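One structure below.
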Amino acid sequence: MGFKVKDLNLADKGNLQIEWAKKHMPVLNIIEEIFRREEPLKGLKISACLHVTKETAVLAEVLKAGGADVMLVASNPLSTQDDVAAALAKKSISVYAWRGETGEEYKENLRIAAEHSPDIVLDDGGDLHTLIHEEYPDISRNIIGGTEETTTGVIRLKAMERQGVLRYPVIAVNNAYTKYLFDNRYGTGQSTIDGILRATNILIAGKTFVVAGYGWVGRGIALRAKGMGANVIVTEVNPTRALEAVMDGFKVMPMREAAKVGDIFVTATGNINVIDKEHLQLMKDGAILANAGHFNVEINLKALEELSISKRKVRPNVEEYMLKNGKKLYLLAEGRLVNLVAAEGHPSEVMDMSFANQALSVKYIIEHKGKLKARVYNVPEEIDMKVAELKLKAMNIEIDNKI
Ligand code: ADE
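Count along the sequence shown starting at 1, add 677, and that's the number in my numbering.
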């Protein structure tokens, strides 16, 4: 078992974090008990490319309890919690991850995960699935199946399916109701605000808060910003979603108009250059820019550099750009996922449901070995329902029975 982490001495601190997360993840705790008893993953190798957080650590332990040999690498160069990574390494989980990986180091760690020759691949964003498909055809042939955690990753995998290049079945964990309705909406909603506040400590009340994209993530952010007293503007390219935002009580306008009045901007679209050069030029002095989408492509960072005469770090996770037009713009978390870079990602309670879907989907893939095609599957309804049922039970909430 190998590992590469920032500092093994952080392990005790990491263990306390993992213990804290576990206390708030009752559904995964139940699954862990079942896995420990039944060992459904005995003798299997799993490579997981996920944000290395205290919640992911709980999932990794559940998979290990099920008998798997787990290797974990980061799905973002800036999201790793180094204390958690150290604790995992000490618990015999092969982890290759540290905060602040360079692009090359990130790729190298993905290669290590691919070369683990996994039976099952877990991914968040699709980078590991893509790498295995492009560079490891022999290894991909032996993979029983995989899962995908996030919207962006599912979009990439569905494109691979359409092109006929997908080599193994993948379960789109993101598409489970007990995932996106809670993780994408309430998880990102809260943790994005958390990231902005930890980075800036600004007052949200009374600010003009622009949310680009009204998918489940955008909805959650808009809802929470409104709840804290912001005047929320939504920008969209999809007419139906724009209409929903209007009827949910938000102002809707094009980014070129929103750019002139916004105090805080958050992108949550999955698209490239949603905040582009023309928008940056229109922004008010002091505007704050953050991203909640998977990749750091939604704010045109190249244009921001080109428009600026200088930049300096003014607080952790806050970069001040001095523009040629004399205005200052503040970029949070280098334009990467602000909730995971400047805060701790989604709270454990929602990751409990997302990762319960992950664990049960892995079990399902094993139980259906050889029966699934190389396609993108939704999480089976019985798993989705089971997760909701267990969560309600853990929350001591009873509901009526169907007649
Ligand atoms: N994605 C968003 N929040 C997360 C968390 N806390 N752990 C793992 N992945 C995440």
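A virtual CB, placed ideally from N, CA and C, is assigned to each residue, including glycine. Computed from a predicted structure; not experimentally measured.
Any non-hydrogen atom of the ligand ADE closer than 6 Å to residue i Cβ
i: Glu738; result: no
i: Gly1022; result: yes
i: His728; result: yes
i: Thr733; result: yes
i: Met1028; result: yes
Start-to-end residues for the beta strand (DSSP E) that takes in residue i
i: Tyr998; result: 995–1000
i: Lys722; result: 722–727
i: Ser771; result: 771–773
i: Val682; result: Counting along the chain, Val682 falls outside any beta strand (DSSP E), and DSSP gives it neither H nor E.
i: Thr869; result: No beta strand (DSSP E) holds Thr869; the alpha helix (DSSP H) holding it covers 865–877.
i: Leu799; result: 797–800
i: Ile848; result: 847–849
Residue i versus the options, residue with shortest Cα-Cα distance
i: Asp1029; options: Asp689, Ala698, Gly679; result: Ala698
i: Arg918; options: Asn908, Ile941, Val888; result: Val888
i: Leu755; options: Arg933, His971, Gly830, Lys928; result: His971
i: Pro814; options: Glu792, Gly802, Val847, Thr828; result: Glu792
i: Phe942; options: Lys990, Met932, Ser1025; result: Met932
i: Val847; options: Lys835, Tyr857, Thr855; result: Lys835
i: Met748; options: Leu693, Arg714, Lys884, Lys681; result: Lys681
i: Ile1043; options: Glu715, Phe886, Val842, Leu687; result: Glu715
i: Thr827; options: Leu978, Lys1063, Ala969; result: Ala969
i: Glu732; options: Tyr1007, Pro1024, Arg788; result: Pro1024
i: Leu799; options: Glu825, Thr779, Glu781; result: Glu825
i: Gly895; options: Glu921, Lys884, Ala882; result: Glu921
i: Gly883; options: Asp860, Asn786, Val914, Asp940; result: Asp940
i: Ala1071; options: Leu1000, Asp684, Ile708; result: Ile708
i: Ala742; options: Pro717, Asp759, Val729, Glu1011; result: Pro717
i: Asn915; options: Val929, Lys700, Ala876; result: Val929
i: Gln867; options: Asn1034, Tyr1041, Ala1020; result: Ala1020
i: Val1053; options: His701, Gly830, Asn692; result: Gly830
Nearest-angstrom beta carbon gap, residue j and residue i [assumed within contact, 8 Å]
i: Arg862; j: Gly897; result: 4 Å
i: Leu957; j: Ala980; result: 6 Å
i: Thr869; j: Asn1073; result: Thr869 to Asn1073, Cβ: 29 Å. No contact.
i: Ser985; j: Leu1000; result: 6 Å
i: Leu1006; j: Ala964; result: 5 Å
i: Ala902; j: Ile881; result: 6 Å
i: Val727; j: Asp801; result: As written in the sequence, residue 727 is Leu, which differs from the Val given in the question. Rounded, the Cβ-Cβ distance is 5 Å, consistent with contact.
i: Thr757; j: Ala751; result: 5 Å
Element boundaries [alpha helix (DSSP H), containing residue i]
i: Glu983; result: 978–984
i: Ala967; result: Taken as a continuous stretch (DSSP letters only), Ala967 belongs to no alpha helix (DSSP H), being part of the beta strand (DSSP E) at 965–968.
i: Val742; result: Looking at the sequence provided, one finds Ala at residue 742 rather than Val. Unbroken alpha helix (DSSP H) run through Ala742: 731–742.
i: Gly830; result: 828–839
i: Asn1034; result: 1025–1044
i: Ile816; result: 814–818
i: Thr917; result: 916–924
Any chain C beta carbon closer than 7 Å to residue i
i: Gly904; result: Although the question refers to chain C, the structure presented lacks it and comprises just one protein chain.
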